[in-house]
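These notes are about the structure you will find just below.
2 protein chains.
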Amino acid sequence: MARKSATLDPQRLDNQICFAVYSAAHAFNRVYKPLLDRLGLTYPQYLVMLVLWERDDVPVKDIGEKLFLDSGTLTPLLKRLEAAHLVKRTRSSEDERQVLIALTPQGHALKDKARSVPQSILAASDCSVSELVAMKDEIVALRDRLNAVIGE
Amino acid sequence: MARKSATLDPQRLDNQICFAVYSAAHAFNRVYKPLLDRLGLTYPQYLVMLVLWERDDVPVKDIGEKLFLDSGTLTPLLKRLEAAHLVKRTRSSEDERQVLIALTPQGHALKDKARSVPQSILAASDCSVSELVAMKDEIVALRDRLNAVIGE
DNA sequence: CCACATTCAATTGCGAACAATTAAATGTGA
DNA sequence: TCACATTTAATTGTTCGCAATTGAATGTGG
Numbered sequence: 001m002a003r004k005s006a007t008l009d010p011q012r013l014d015n016q017i018c019f020a021v022y023s024a025a026h027a028f029n030r031v032y033k034p035l036l037d038r039l040g041l042t043y044p045q046y047l048v049m050l051v052l053w054e055r056d057d058v059p060v061k062d063i064g065e066k067l068f069l070d071s072g073t074l075t076p077l078l079k080r081l082e083a084a085h086l087v088k089r090t091r092s093s094e095d096e097r098q099v100l101i102a103l104t105p106q107g108h109a110l111k112d113k114a115r116s117v118p119q120s121i122l123a124a125s126d127c128s129v130s131e132l133v134a135m136k137d138e139i140v141a142l143r144d145r146l147n148a149v150i151g152e
Numbered sequence: 001m002a003r004k005s006a007t008l009d010p011q012r013l014d015n016q017i018c019f020a021v022y023s024a025a026h027a028f029n030r031v032y033k034p035l036l037d038r039l040g041l042t043y044p045q046y047l048v049m050l051v052l053w054e055r056d057d058v059p060v061k062d063i064g065e066k067l068f069l070d071s072g073t074l075t076p077l078l079k080r081l082e083a084a085h086l087v088k089r090t091r092s093s094e095d096e097r098q099v100l101i102a103l104t105p106q107g108h109a110l111k112d113k114a115r116s117v118p119q120s121i122l123a124a125s126d127c128s129v130s131e132l133v134a135m136k137d138e139i140v141a142l143r144d145r146l147n148a149v150i151g152e
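Order-wise, the sequence lines are chains W and G. In case it helps, the UniProt record's numbering puts the first sequence at residues 1 to 152. In case it helps, the UniProt record's numbering puts the second sequence at residues 1 to 152.
Here's what the structure looks like:
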């Protein structure tokens, strides 16, 4: 059996890009936590709000496609946002299968309060915008290749 | 109020590196799922096994430091691994506060069965090893900068 | 030696994340 | 029209992930 040097061993934790991504996601989450606490949002809830701030009055499925989440995750999350008076859930009259998610006035208003969040994250990243954009594009490309494999 | 072009608006979902990382982590998880199902492991359990395959008989805290997880996550996870006969948990006699995690023979044996996992992931990434290593190093550096901010 | 702080794991409670199933509404082909 | 498939959310059950707390063991200063 060929002996591998530690820096090349693919079975080592530190050599795995997936662990890098996994642990970076958690690190982001910890940085976001205090910022989002002030808004009364969790990070996944913040993502849903970002979607809705771009376009309102959309079915659950549309939100799910943008965030790669299913109804099992979104249904209870959206109920919590509704309980917090940030969104309203109403069944579509055109297609009774769909539930449309609309922002309440408070939900719209929260966008302004959230405006400083991205720059706080940028500061914590301690990195230039152009570097972050380049990394983001690489990671998105990787994600899309992975997602392409799943649908096979 | 200055109007921002959509490609620069920092409040847009698609412009956020954290969402790229978040969604890439989930994509990885979905690719891993069928591979790890055969081993009877979840992804976080697989990470713990990677740590233990490198070094055995370590306290819970050491595993937590490597994976950035706390006892609230690890204690139940390790109990499941023990129920699956992959690890043994024993209180240290030198320091009764610590619980040492050791691999069982089955736990050791699983390393061989898991050997093909990294190359399956590499194939799904559809990317050269050198590109992945470069990305991994960038992401780890970002993660470490984020974690540095948290401890302030 | 003793009061006190610190360390470590376990526990509790809440919010994701996802697989699998269910139920209702809608679409489709014969 | 009617049987059947498809679509959409909701539901159930399991596993993370983390904050906050608890309790036991260990370390420290006086």
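We put the beta carbon where it would ideally sit given N, CA and C, even for glycine.
Classification of residue i by the beta-carbon crowding that lies within 10 angstroms, buried from 16 upward
| i | result |
| --- | --- |
| Ser-23(W) | buried |
| Ala-114(G) | buried |
| Gly-40(W) | exposed |
| Ala-109(G) | exposed |
| Leu-81(G) | buried |
| residue 158(G) | For residue 158(G) there is no data in the structure shown, the boundaries of chain G being 1 and 152. |
Contacts around residue i, its chain only, beta-carbon distance under 6 Å, and the 5 residues preceding and following it disregarded
| i | result |
| --- | --- |
| Trp-53(W) | Lys-111 |
| Thr-90(G) | Leu-100 |
Helix, strand or coil at residue i according to DSSP, with G and I counted as helix
| i | result |
| --- | --- |
| Leu-67(W) | helix |
| Arg-89(G) | strand |
| Leu-41(G) | coil |
| Leu-81(G) | helix |
| Leu-100(G) | strand |
| Pro-10(W) | coil |
Length of the line joining the Cα atoms of residue i and residue j
| i | j | result |
| --- | --- | --- |
| Leu-100(W) | Arg-55(W) | 12 Å |
| Glu-65(W) | Asp-14(W) | 32 Å |
| Val-105(W) | Lys-88(W) | Looking at the sequence itself, residue 105(W) is Pro, so the reference to Val does not match. For Pro-105(W) and Lys-88(W), the distance between alpha carbons rounds to 10 Å. |
| Pro-34(G) | Arg-12(G) | 33 Å |
| Ile-17(G) | His-85(G) | 39 Å |
| Glu-94(W) | Gln-45(W) | 27 Å |
| Leu-67(G) | Asp-137(W) | 26 Å |
| Gln-119(G) | Pro-10(W) | 8 Å |
| Ile-139(G) | Val-133(G) | 10 Å |
| Leu-69(G) | Ile-63(G) | 8 Å |
Supposed close pair residue i, residue j - CB separation, criterion 8 Å
| i | j | result |
| --- | --- | --- |
| Leu-147(G) | Ala-27(W) | The residue you asked about is not Leu; residue 147(G) is Asn in the sequence shown. That belief holds up - the Cβ atoms of Asn-147(G) and Ala-27(W) are roughly 5 Å apart, short of 8 Å. |
| Ala-124(G) | Val-129(W) | Not a contact, Cβ separation roughly 30 Å. |
| Leu-77(G) | Val-117(G) | Not a contact, Cβ separation roughly 19 Å. |
| Leu-142(G) | Cys-127(W) | 7 Å |
| Ala-25(G) | Ala-6(W) | That belief does not hold up - the Cβ atoms of Ala-25(G) and Ala-6(W) are roughly 25 Å apart, past 8 Å. |
Cβ shell of residue i (< 7 Å), same chain only, five flanking positions each side left out
| i | result |
| --- | --- |
| Tyr-43(W) | Asn-29, Tyr-32, Leu-36 |
Beta-carbon proximity list for residue i, same chain, < 8 Å, skipping 5 on both sides
| i | result |
| --- | --- |
| Val-58(W) | Val-51, Leu-52, Leu-100, Ile-101 |
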